[in-house]
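Take a look at the structure below.
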Amino acid sequence: MASDNDSEKSYVILKEEDGLLNFNSDSEKSYIILKEDDLLNSGSGSENSYDVLKEDNLQMNSDNDSEKSYDVLKEDNLQMNSDSDSDSDIDVPYTYNVFNAKSYVILKEDHLIKRQQHIIHEITSLLTISTNDACMLLLKYNWRVTDVYEAWFKDERKVCDDIGLLDVDRDVKFPKHDERKVKCGICFDSVRFDETANCGCNHNICKVCWRSYVSTAINEGPGCLTLKCPVPSCGVAVSPDMVDMLAKGKDKIMYNRFWLRSYVKNSKKIKWCPGLGCDYAVEFDDDFTTDCYNCMEEAHSPLDCQTVGKWLMKNMAEAENTSWILANTKPCPNCKIWIERYGGCPSMTCICGYEFCWLCLEPSRGHNNLLAACGREGGKVNEDERQCELAKKSADTYTHYYERWAANEKYRKQALVDLHNVETVHLEKISSAHYLPRAELMFFIDAWSQIVECRRVLKWAYAYGYYIPKEEEPKTVFFEYVLGEAEDSLKRLHLCVEKELQTCIEYGYGFKQINSSIANVTGLTIVTRTYFQNLVRALENRLSEVASHEDESFNCLNLLV
Numbered sequence: 011m012a013s014d015n016d017s018e019k020s021y022v023i024l025k026e027e028d029g030l031l032n033f034n035s036d037s038e039k040s041y042i043i044l045k046e047d048d049l050l051n052s053g054s055g056s057e058n059s060y061d062v063l064k065e066d067n068l069q070m071n072s073d074n075d076s077e078k079s080y081d082v083l084k085e086d087n088l089q090m091n092s093d094s095d096s097d098s099d100i101d102v103p104y105t106y107n108v109f110n111a112k113s114y115v116i117l118k119e120d121h122l123i124k125r126q127q128h129i130i131h132e133i134t135s136l137l138t139i140s141t142n143d144a145c146m147l148l149l150k151y152n153w154r155v156t157d158v159y160e161a162w163f164k165d166e167r168k169v170c171d172d173i174g175l176l177d178v179d180r181d182v183k184f185p186k187h188d189e190r191k192v193k194c195g196i197c198f199d200s201v202r203f204d205e206t207a208n209c210g211c212n213h214n215i216c217k218v219c220w221r222s223y224v225s226t227a228i229n230e231g232p233g234c235l236t237l238k239c240p241v242p243s244c245g246v247a248v249s250p251d252m253v254d255m256l257a258k259g260k261d262k263i264m265y266n267r268f269w270l271r272s273y274v275k276n277s278k279k280i281k282w283c284p285g286l287g288c289d290y291a292v293e294f295d296d297d298f299t300t301d302c303y304n305c306m307e308e309a310h311s312p313l314d315c316q317t318v319g320k321w322l323m324k325n326m327a328e329a330e331n332t333s334w335i336l337a338n339t340k341p342c343p344n345c346k347i348w349i350e351r352y353g354g355c356p357s358m359t360c361i362c363g364y365e366f367c368w369l370c371l372e373p374s375r376g377h378n379n380l381l382a383a384c385g386r387e388g389g390k391v392n393e394d395e396r397q398c399e400l401a402k403k404s405a406d407t408y409t410h411y412y413e414r415w416a417a418n419e420k421y422r423k424q425a426l427v428d429l430h431n432v433e434t435v436h437l438e439k440i441s442s443a444h445y446l447p448r449a450e451l452m453f454f455i456d457a458w459s460q461i462v463e464c465r466r467v468l469k470w471a472y473a474y475g476y477y478i479p480k481e482e483e484p485k486t487v488f489f490e491y492v493l494g495e496a497e498d499s500l501k502r503l504h505l506c507v508e509k510e511l512q513t514c515i516e517y518g519y520g521f522k523q524i525n526s527s528i529a530n531v532t533g534l535t536i537v538t539r540t541y542f543q544n545l546v547r548a549l550e551n552r553l554s555e556v557a558s559h560e561d562e563s564f565n566c567l568n569l570l571v
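Right, dumping it as structure tokens:
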């Protein structure tokens with residue numbers, strides 16, 4: 011790292027329990043050593059400050075007014091931002107960005123809870139209302155603070171009536187030390203007044219009925235967040251503090267989880283990880299390529315979410331098996347067992363002993379000449395046979411695209427394994443054996459990451475091809491051509507990266523050799539990335555340029571340049 015010429019290099023060693031540290035760059039000596047998993051260290055007014063996340067990860071934050079965020083980066087990914095006039099100890103001949111400045115934050119549940127609490131505190135402070143009322147307001151307006159303010163200042167009374175807010179003390183909701191007898195509004199039993207509860211609406215209900223009511227609502231789902239007084243004619247809201255008093259054990263945990271999930275559900279930038287049983291959420295600042303924010307499937311550009319759903323359902327359904335059976339088999343007219351014909355004479359003998367003509371399904375008896383006497387002579391085509399041919403053609407088309415979709419998914423997973431090996435094994439080996447800074451070898455990571463992304467695009471592009479309308483044949487022809495070119499482009503990049511990596515592992519690199527390798531790999535990576543980005547753009551636009559050039563002679567590749 012480059013430091014200010016006027017300041018001495020010095021440092022402070024932190025223990026494990028020491029948390030976040032803000033240090034002043036004006037002090038004579040200031041630096042920090044953190045353990046591998048220590049998080050977030052921001053500079054307060056310092057010209058250069060560094061956030062250490064994981065080993066080999068470096069992210070610089072110089073804005074002391076920005077909110078603290080919890081950035082989780084992959085190991086060995088390096089992002090460096092420094093002043094343009096700062097000196098560098100190592101002259102790196104190539105500057106690259108491995109992930110195209112993809113920006114996202116991994117959030118734990120406690121991080122989300124703190125964000126919720128911050129928003130609630132903001133509402134209570136400005137509107138001078140209770141925490142319970144703030145929660146109900148935010149829930150009503152989908153956790154959008156500006157909408158809460160707009161509605162509240164426009165007509166406060168109407169907002170309270172719509173939600174059912176009554177600002178009353180807890181002692182009113184839960185009477186104490188009052189032995190008067192009252193009748194429960196639900197079970198009509200006579201109970202002590204201090205054994206009842208109400209929402210401030212004076213509908214006194216015994217705590218036994220309340221607990222049953224609350225527990226049932228919680229177990230029915232998130233609707234418990236908008237619970238009303240049990241009396242049917244009453245619209246007063248049951249506040250979170252009442253539920254907290256009445257719910258027990260697992261019900262209370264579930265209720266709090268519903269509140270947290272309501273915040274995430276209504277956020278445009280935060281979504282839960284789709285992994286089964288995972289309690290982490292991800293927040294994206296920019297576009298994302300790992301998962302689809304809309305349908306929560308894996309990223310699937312250039313295919314839209316609706317078509318992805320249809321494709322995945324098609325892969326799981328038995329419809330394609332049925333189509334194959336219709337296309338390749340026929341039922342015995344006698345016992346109805348389905349028979350597959352491999353060729354040869356159309357005279358068939360079923361296992362039940364029945365003999366029939368494959369072409370017309372009539373008994374073989376009386377067919378002196380099967381081909382001439384079954385009704386197909388003279389070009390007569392049986393409607394069932396025509397339907398079978400159509401079904402066979404449809405099944406063949408599906409198989410064509412599905413096999414390529416599945417193959418690219420297989421290759422993508424293998425590329426991910428290779429990428430992991432490069433990150434964790436090969437670069438370490440090369441760096442140690444040949445005394446090369448790890449930063450100078452990161453172009454291999456960039457290339458392998460691009461290979462993974464290309465396999466993902468190809469996978470969903472083949473699913474896209476299946477849904478091109480049959481009447482738009484020029485688009486199908488163009489589609490098959492550009493995907494063939496894309497496969498070739500990816501193959502060239504893959505071979506180049508493997509060759510350069512193997513050479514580097516076996517023989518090492520001098521300064522000239524590494525510059526040559528960087529030029530080769532980086533050049534192909536950029537070309538491949540550009541081609542695939544343009545391919546995705548063309549497919550997302552439904553190959554509209556093909557239709558506009560349908561009656562003209564043009565170079566297909568011009569559409570992807």
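Per our numbering, the very first residue in the sequence shown carries number 11; after that it's consecutive.
By construction, the Cβ of each residue, glycine as well, lies at the ideal position given by its N, Cα and C atoms.
Of the listed residues the options, nearest to residue i (C-alpha basis)
i: Tyr408; options: Lys480, Leu451 and Pro484; result: Lys480
i: Cys345; options: Tyr364, Val467 and Leu237; result: Tyr364
i: Cys244; options: Cys362, Lys124, Asp171 and Trp282; result: Asp171
i: Leu437; options: Phe366, Asp120 and Gln512; result: Gln512
i: Gly195; options: His187, Cys209 and Glu189; result: Cys209
i: Ile129; options: Leu270, Phe453, Phe184 and Asp251; result: Leu270
i: Asp289; options: Leu505, Leu117, Arg539 and Ile528; result: Leu117
i: Lys258; options: Glu508, Lys217, Ala417 and Pro242; result: Lys217
i: Asp261; options: Ala291, Tyr223, Pro240 and Cys197; result: Tyr223
i: Trp220; options: Cys211, Gly231, Gly233 and Met255; result: Met255
i: Pro185; options: Ala207, Tyr491 and Leu286; result: Ala207
i: Glu413; options: Asn142, Glu508 and Asn325; result: Asn325
Whole-Å CB distance - residue i paired with residue j, under 8 Å assumed
i: Gln424; j: Thr535; result: Not a contact, Cβ separation roughly 19 Å.
i: Leu235; j: Ser272; result: 6 Å
i: Ala496; j: Leu549; result: Not really, about 11 Å apart at Cβ, beyond 8 Å.
i: Leu500; j: Trp458; result: Leu500 to Trp458, Cβ: 12 Å. No contact.
i: Ile173; j: Ala227; result: Going by Cβ atoms, the distance from Ile173 to Ala227 rounds to 17 Å, so no, they are not a contact pair.
i: Ala473; j: Tyr411; result: 7 Å
i: Phe542; j: Cys464; result: 5 Å
i: Ile440; j: Cys514; result: 5 Å
i: Asn7; j: Glu510; result: The shown model of the chain, from 11 to 571, leaves out residue 7, and the question about it has no answer.
Rounded C-alpha distance that separates residue i from residue j
i: Arg180; j: Tyr114; result: 42 Å
i: Lys150; j: Val274; result: 14 Å
i: Ser554; j: Leu137; result: 52 Å
i: His310; j: Arg466; result: 7 Å
i: Leu446; j: Arg502; result: 26 Å
i: Lys193; j: Val318; result: 58 Å
i: Pro343; j: Glu350; result: 14 Å
i: Asn214; j: Pro284; result: 43 Å
i: Thr156; j: Glu293; result: 20 Å
i: Lys191; j: Asp177; result: 26 Å
i: Ser225; j: Ala161; result: 32 Å
i: Lys183; j: Leu322; result: 52 Å
i: Glu205; j: His187; result: 9 Å
i: Asn229; j: Ser249; result: 17 Å
i: Trp348; j: Pro341; result: 4 Å
i: Val427; j: His121; result: 31 Å
i: Gly475; j: Lys420; result: 19 Å
i: His131; j: Phe268; result: 19 Å
i: Arg552; j: Tyr491; result: 15 Å
For residue i, the residue or residues it bridges with in DSSP
i: Trp458; result: Trp458 is not bridged to any residue.
i: Trp348; result: Pro341
i: Met358; result: Phe366
i: Ala291; result: Leu117 and Trp282
i: Gly201; result: For the sequence presented, residue 201 should be read as Val rather than Gly. Partner(s): Val192.
i: Cys216; result: Thr206
i: Ala247; result: Lys238
Simplified DSSP state of residue i, which is helix, strand or coil
i: Ala257; result: coil
i: Val241; result: coil
i: Val192; result: strand
i: Thr206; result: strand
i: Ala309; result: coil
i: Pro484; result: helix
i: Pro373; result: strand
i: Met264; result: helix
i: Asn152; result: coil
i: Leu175; result: coil
i: Met452; result: coil
i: Ser135; result: helix
Residue i beta carbon near the ligand COA (any heavy atom closer than 7 Å)
i: Pro484; result: Among the ligands in the structure shown, none appear at all, so the ligand COA cannot be discussed.
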